[in-house]
Every structure is written in C-alpha cells, then in structure tokens.
Amino acid sequence: MKKVIRIGAVIVALVVGIYVWQNFLKTAPSMKRLDAEYQVTAIELSAEYEESEDTADAKYRNKIIELTGELESIETPEGSLPVLNLKTEGFGMVKCTMESDLSSTEIDQLEINSTVSIRGECYGLNLFDIQVGRSIIINN
Amino acid sequence: MKLKIFFTLLSLVFLAQLGYSQDRFVTRSGHVKFFSSAPLEDIEAHSNKVSSILDLKKNEVVVSMLIKTFEFEKKLMQEHFNENYMESDKYPKSTFSGSFEGNSDLSALKDGTYTVNASGEISIHGVSKQIETPVTLTVSNGKVKADFVFMAKVKEFGIKIPKVVVRNIAEEVEVTAAFEYEPYK
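Structure representation (structure tokens):
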C-alpha cells in the first residue's frame, strides 16, 4: 500500500512539475530553431505595409519571417539589444532588434550598404518603421 | 554694392525665419520606461523604439509604440508580460493622440525649457482613456525634447493581475517618457 502511495506521489509531483515548467518557466524557443512562414525583402515588406497596414498585419504580424535587405545603419543603444536597420524605398526603415547581444567582432563584420538576411518575428508597423524582434542574422 | 548687401541681409533674415518656423518634428527612437514597485519585487522595462510626431504650429502630438518592443532584464518576465498581462498579440500597440494647452503657437518658442499641459486620448490594452499630464519641452538648436511622467492604474486598462502574483505587480505603474525630436524634412 505504501508503495502505491509513493508511486502516486511521484506521479503527482511529475505532473505538477511539468505543469509549472510549461506554464511558468518555459521560454520561447530560440529563433535558430524556428522556421519562417514568409521570405520577403525589406522593400517588399515596406511596400505591402504602405499599401494596407491591416492586410500586411494579417499576413505578417506575430509571424516568423526571413528578410533580406540593404543594411542602412546599426544601433547599439546602451542597455538595449542591438538593432539592424534595413533600407526601404520610403521614409521608414525595417528595424530588426536582435535576439541577443552581438559581439564587437560580429558588428565589425557587418558592412553598411551590404545585403543581410535576417530571421525574426514581425511586430508590425509603428508610424514610420516596421519593427522585427528576436532577430538573428542567417547570412551576411 | 549697397543693394547687394541689402539683398544678402534680407535673404539671411528670410532663411533665419524659415529655420524658426519649423513646425513638425519626429522621433522614431523615443524612450519609454515603465516601473512597477510591489511588496515582493520591482519590475522595470524599457523601449527605445517609440515613434512620435509633434506639430508645434497646431499644438498636436501623436505617439505610437509596439508593446513587444519593451525589453526586460529577464526573458521569462518579458514573455509573461506580453502573453499573460498585455496580450500583445491581440493588442499590439499603445497610442496617444492629444494637444498642448495654454499656448497658442508653440512654434514661436525660443531656446529654453517650458512646461506645458498635454491632454488627449491614450490607448493601452485596447482600452482608451482621457489623460492630462504636464510635459517639459526643451527647445535647443532647432531640436525639441519632450519629457513626461504619468501613473497608470492597470485595472483601468482592463489588465488582469492573477491573485498568485498580486504581491509582485503594482496596481499602479509609473510610465516615464523621453523623446528627442528632429525637424521633419
């Protein structure tokens, strides 16, 4: 009888543990392990948002996308994650906030006006710029 | 010769007027911080990707931010903030649209620091409310800086705090904003 109680207690502890881990401790998987739903250039993405924010939001917002574009600038704000800004044909940019910090070597390897490909989560349009978060560079 | 000097001076005055008559300013890297102080912990998050347009001629201001651009020290906390409290997939943006009171033409402001009252509609978590808050405007070398702080009661914006974390999250959070505007060209 004691054995049954012990096994029951272990099963309950496991179930509670899995529930706590799934709901309170588990973080989203790294972008490296995710597949993109869309492949698009920064110029195409910007043009689609310019044509209709609602339609573009329905297609891209909260989705994983692979973006290719010309690197306009790199921001490394203090206390925040680095941002790669990709050129569009309009006033806005596609601002890709990195998933984690970039080393100074990685930043040095990025050349302004060069073409970069990025995978990240599209957050949508914010007045001028399209924000992409959790970004990683997939080739440079 | 005198005529040439006269026209040169006139052009300079005209160009100076153009410089001072800059009405519209924009920022795409405005900073917003929220700070929650509760018995068990303090929580702080920052976004430096807030966009805003300031029209000093019309005394109007528009601010827009995507909630997912808030960065937390702990990744898990950031995920819980977006998924459980702000429901950022459903309510991705927070906006403010309002005007400044008390001054008829802020575009005439000279370099210096001024306090003006801004009032308008703020939208957070899909709930819109009227707010009024003092804003410090600093005009310097053709640029404008705006700073303000306001308190937001999470309940008023329909944000539910589960009982299990009620001692971790404050009922009222402090929102601090600092925007450095550039002339819109």
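From first to last, the protein sequence lines stand for chains P and H. Mind the numbering: the first sequence is residues 1 to 140 in the numbering used here, read in order. Mind the numbering: the second sequence is residues 141 to 325 in the numbering used here, read in order. We put the CB at the ideal spot given by N, CA and C, even for glycine.
Three-state class that DSSP yields for residue i in the structure shown
i        : result
P:Glu111 : coil
P:Ile7   : helix
P:Thr76  : coil
P:Leu84  : strand
H:Ile301 : coil
Within chain P, the residues that residue i reaches when beta carbons sit closer than 8 Å
i        : result
H:His186 : Gly79 and Ser80
H:Thr316 : Near H:Thr316 there are no residues of chain P at all, since even the closest Cβ is about 14 Å away, more than 8 Å.
H:Asp182 : Chain P residues near H:Asp182: none, gap ~16 Å exceeds 8 Å.
H:Ser204 : Asn126 and Leu127
N- and C-terminal bounds of the alpha helix (DSSP H) containing residue i
i        : result
H:His220 : Lys215 to His220
P:Thr88  : Looking at the DSSP string, P:Thr88 is not in any alpha helix (DSSP H), and its letter there is neither H nor E.
P:Lys59  : Glu53 to Tyr60
Cutoff 8 Å: residue i Cβ touching any chain H Cβ
i       : result
P:Ala36 : no
P:Tyr49 : no
P:Lys32 : no
P:Lys87 : no
P:Ala56 : no
P:Ala42 : no
P:Lys95 : yes
Under 7 Å by beta carbon: chain H residues contacting residue i
i       : result
P:Arg61 : Pro232
CB contact below 8 Å: residue i versus chain P
i        : result
H:Arg168 : yes
H:Ser268 : no
H:Lys189 : yes
H:Glu219 : yes
H:Ile193 : yes
Cross-chain neighbours of residue i in chain H, by beta carbon under 8 Å
i        : result
P:Gly133 : Lys208 and Thr209
Residue i, enclosing beta strand (DSSP E) - first and last residue
i        : result
H:Thr255 : Gly252 to Ile264
H:Glu206 : Per the sequence shown, the amino acid found at residue 206 of chain H is Leu instead of Glu. That run of the beta strand (DSSP E) goes Glu200 to Leu206.
H:Leu194 : Asp182 to Asp195
H:Leu277 : Val267 to Ser280
H:Asp287 : Lys283 to Lys293
H:Pro323 : Glu312 to Pro323
H:Asn308 : Neither: H:Asn308 is in no beta strand (DSSP E) and is coded neither H nor E.
Under 7 Å from the C-beta of residue i: neighbouring residues of chain P
i        : result
H:Glu272 : Under the 7 Å cutoff, chain P gives no residues; its nearest Cβ is about 23 Å from H:Glu272.
H:Asp229 : Asn62
Integer Cβ distance of residue i from residue j, believed to fall under 8 Å
i        : j        : result
H:Ala292 : H:Ile264 : 7 Å
P:Ser117 : P:Ile138 : 5 Å
P:Gln39  : P:Glu72  : The Cβ separation is near 20 Å, so there is no contact.
H:Ala172 : H:Val315 : Per the sequence presented here, residue 172 of chain H reads as Val, with Ala not at that position. That belief holds up - the Cβ atoms of H:Val172 and H:Val315 are roughly 7 Å apart, short of 8 Å.
H:Lys250 : H:Val279 : 7 Å
H:Ser177 : P:Asp129 : About 32 Å; that fails the 8 Å criterion.
Chain-ordered chain B contacts of residue i [CB-CB under 7 Å]
i       : result
P:Ala28 : Reference to chain B is not applicable here, since the protein chains of this structure are P and H.
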